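Heads up, the sequence shown is in full-length UniProt numbering, so the first residue is 1 and it goes up one at a time. The C-beta atom is built at its ideal place from N, Cα and C for all residues, glycine as well. Being a predicted model, the structure only gives us computed values, none of them experimental.
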Amino acid sequence: MPKAVFYYFKMKGLGEPCRLLLAYGGVDFEDIRFERHGQEWQDFKPKTPFGQVPVLEMDGKTYAQSYSIARFLGRKFGLGGDNIQEEFEIDQIVDLIDDLRKRAGSVDYEPEPDLKEKRHAIYAKTVYPELLQRINDIIVNNNGYVALGKLTWGDFVLAGLIDYLKKMLRMPDLEKQYPAFKQVVDKVFAFPKVKAYADAAPEALF
Ligand SMILES: N[C@@H](CCC(=O)N[C@@H](CS)C(=O)NCC(=O)O)C(=O)O
Numbered sequence: 001m002p003k004a005v006f007y008y009f010k011m012k013g014l015g016e017p018c019r020l021l022l023a024y025g026g027v028d029f030e031d032i033r034f035e036r037h038g039q040e041w042q043d044f045k046p047k048t049p050f051g052q053v054p055v056l057e058m059d060g061k062t063y064a065q066s067y068s069i070a071r072f073l074g075r076k077f078g079l080g081g082d083n084i085q086e087e088f089e090i091d092q093i094v095d096l097i098d099d100l101r102k103r104a105g106s107v108d109y110e111p112e113p114d115l116k117e118k119r120h121a122i123y124a125k126t127v128y129p130e131l132l133q134r135i136n137d138i139i140v141n142n143n144g145y146v147a148l149g150k151l152t153w154g155d156f157v158l159a160g161l162i163d164y165l166k167k168m169l170r171m172p173d174l175e176k177q178y179p180a181f182k183q184v185v186d187k188v189f190a191f192p193k194v195k196a197y198a199d200a201a202p203e204a205l206f
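Here's what the structure looks like:
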């Protein structure tokens, strides 16, 4: 069987949840990491479904959109819900985590330095604490998982995004302030195949 190929940039970001799921599923994948502003990415971009990465090629098919790929891999490896209600419960918490990611990411993308700092200060006072506390409480109520009181692909989304969130929220001690996050991350990285992938992966801070 031809190897799967996963394409993203030289960072964790939106690619890492999928990489962790591929590792969990024991998929032998080629981990292509483009330079964000390099020619290789420019050459590859028109070949992607939507001009973006992450992209996964597996079993002769091409998959795009990070959460769609994560959901697909999760279901494939038995980490989806048992019915549509359960699927919904995973989706809604993943969307909530993504609300946080998008808000924090929008600050980083702000080109005007004063505006960037202003926006960060406002979000750090209002938006982030509420979302972080909500997610933390949800994890506590779900036995240390993001949904359904059991391991799902949603846990891989949070574990994969954690370093990106810490960087964008400017909260290196995020797990100290919101300890339930650490429970999810620890559970995901306790899987030997996930740990082996993470130990061998090229260094990427977030
Ligand atoms: N909704 C998409 C967003 C993908 C996305 O924004 N990818 C960025 C990197 S994080 C990208 O490919 N940017 C390069 C470009 O647009 O040229 C997903 O979740 O996969």
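Ligand 1 and residue i: does the residue's C-beta get closer than 7 Å to at least one heavy atom of that ligand?
i	result
Tyr178	no
Ser66	yes
Pro54	yes
Leu14	yes
Gly51	yes
Phe72	no
Phe9	yes
Lys167	no
residue 210	The displayed coordinates of the chain run from 1 to 206. Any statement about residue 210 would go beyond what the structure contains.
Lys45	yes
Any C-beta of chain B sitting closer than 8 Å to the C-beta of residue i?
i	result
Met171	The displayed structure is made up of one protein chain only, and chain B is not part of it.
Residues in its own chain within less than 6 Å of residue i by CB, not counting five upstream and five downstream?
i	result
Asp31	Phe6
Val140	Ala180
Gly78	none
Gly144	Gln183
Tyr63	Leu56 and Ile69
Leaving aside the five residues before and after residue i along the sequence, list all residues of the same chain whose C-beta is less than 8 Å from its C-beta, in chain order.
i	result
Lys167	Leu205 and Phe206
Glu117	none
Helix, strand or coil: how does DSSP classify residue i here?
i	result
Val5	strand
Phe191	coil
Met168	helix
Val55	strand
Arg33	strand
Gly15	helix
Leu148	coil
Asp163	helix
Glu175	helix
Ala184	Residue 184 is actually Val in this sequence, not Ala. It is helical.
Pro46	helix
residue 207	With the chain covering only 1 through 206, there is no way to say anything about residue 207.
Val27	coil
Glu40	helix
How would you label residue i, buried or exposed, when you count the other beta carbons within 10 angstroms and need 16 or more for buried?
i	result
Arg36	exposed
Tyr67	buried
Leu151	buried
Pro129	exposed
Lys12	buried
Leu115	exposed
Asn142	buried
Glu112	exposed
Gly149	exposed
Glu40	exposed
Between which two residues does the beta strand (DSSP E) carrying residue i extend?
i	result
Ala64	Lys61 to Ala64
Taking the alpha helix (DSSP H) that residue i falls in, what are its first and last residues?
i	result
Ala104	Ile84 to Tyr109
Pro202	Neither: Pro202 is in no alpha helix (DSSP H) and is coded neither H nor E.
Tyr128	Val127 to Asn141
By Cβ distance, which residues of its chain are closer than 7 Å to residue i, with the 5 residues on each side in sequence left out?
i	result
Asp99	Leu131
Val188	Leu20, Asp155, Phe156, Ala159 and Val194
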